[in-house]
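Residue numbers (the working numbering): 93 to 281.
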């Protein structure tokens with residue numbers, strides 16, 4: 093059972109009395125996420141999510157919707173996807189790699205040089221969970237992780253409806269960067 097950590101002071105303000113199971117369920121329903129099949133528990137900055145969900149991408153969205161509430165510090169994910177990604181889907185991302193990138197010798201050197209950013213986590217579907225830093229925009233995040241600002245729209249879509257209507261992303265918000273695209277990892281500088 094993975095536990096995901098969130099900046100406790102970031103995210104949407106909770107209803108009076110802090111985050112509650114009822115408020116988290118209402119938020120999931122508002123976002124069109126299946127809350128009725130879940131058991132949700134909230135206690136002292138911790139949210140526990142249990143039950144069956146349609147797939148791993150929905151599981152990631154539920155974790156982020158529950159965690160991006162002010163006062164939530166961690167989310168314990170005990171959900172089980174009804175449909176898991178198969179081996180074919182896992183290897184499907186290889187089609188997006190640049191020519192020669194699947195060379196094992198080059199890959200070994202890159203793996204040993206990789207330094208994950210502090211707070212980096214991966215969701216059940218393989219998406220990177222990125223914590224927005226002060227002054228950072230969706231374009232900045234897209235450029236750093238995908239190599240192009242054109243992927244900012246992909247990030248916005250992957251985090252809808254959490255980002256619906258938001259002109260700017262708020263520092264501390266945790267975003268989902270889908271794995272189906274060729275992520276290049278954070279660049280230096």
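Quick reminder that beta carbons are idealized off the backbone N, C-alpha and C, glycines included.
Just so it is clear, the structure is predicted and the values come from calculations on it, not from any experiment.
- Taking one beta carbon from each stretch, the stretch 228–246 and the stretch 160–178 have fewer than 3 pairs nearer than 8 angstroms; the two do not touch.
- When 266, 138, 160 are compared, the shortest CA-CA separation from residue 120 is found for 160.
- Under the three-state reduction of DSSP, residue 124 is assigned to coil, being neither helix nor strand.
- For residue 141, the number of other beta carbons within 10 angstroms of its own is at least 16, and it is reported as buried.
- The beta-carbon distance between residue 102 and residue 263, rounded to whole angstroms, is 7 angstroms. This is short enough to meet the 8 angstroms contact definition.
- Relative to residue 100, the option among 268, 108, 138, 229 whose CA is nearest is 138.
- Where residue 261 is concerned, there is no enclosing alpha helix (DSSP H), because DSSP gives it neither an H nor an E.
- Each residue's CA atom was taken as its position, placing residue 97 and residue 253 some 21 angstroms apart.
- With the rule of 3 Cβ pairs closer than 8 angstroms, the stretch 143–155 counts as touching the stretch 121–132.
- Residue range 95–97 is occupied by the beta strand (DSSP E) that includes residue 95.
- Here residue 152 really is in contact with residue 216; their C-beta atoms are around 6 angstroms apart, less than 8 angstroms.
- Residue 268 is bridged by DSSP to 221.
- When the Cα atoms are used, residue 251 and residue 268 turn out to be separated by approximately 6 angstroms.
- In its own chain, leaving out the 5 sequence neighbours on each side, no residue places its CB closer than 6 angstroms to the CB of residue 128.
- The shortest C-alpha to C-alpha distance from residue 136 to any of 123, 126, 110 is the one to 110.
- Within the same chain, and ignoring the five residues on either side of residue 169 in sequence, the residues whose Cβ sits closer than 8 angstroms to its Cβ are 93, 94, 95, 96, 141, 151, 155, 216.
- The C-alpha of residue 265 lies about 5 angstroms from the C-alpha of residue 224.
- When the five nearest sequence neighbours on each side are left out, the beta carbons in the same chain lying within less than 7 angstroms of the beta carbon of residue 162 are those of 101, 102, 103, 104, 105, 106, in order along the chain.
- In this structure, residue 241 keeps its C-beta atom at 9 angstroms or more from the C-beta atom of residue 261.
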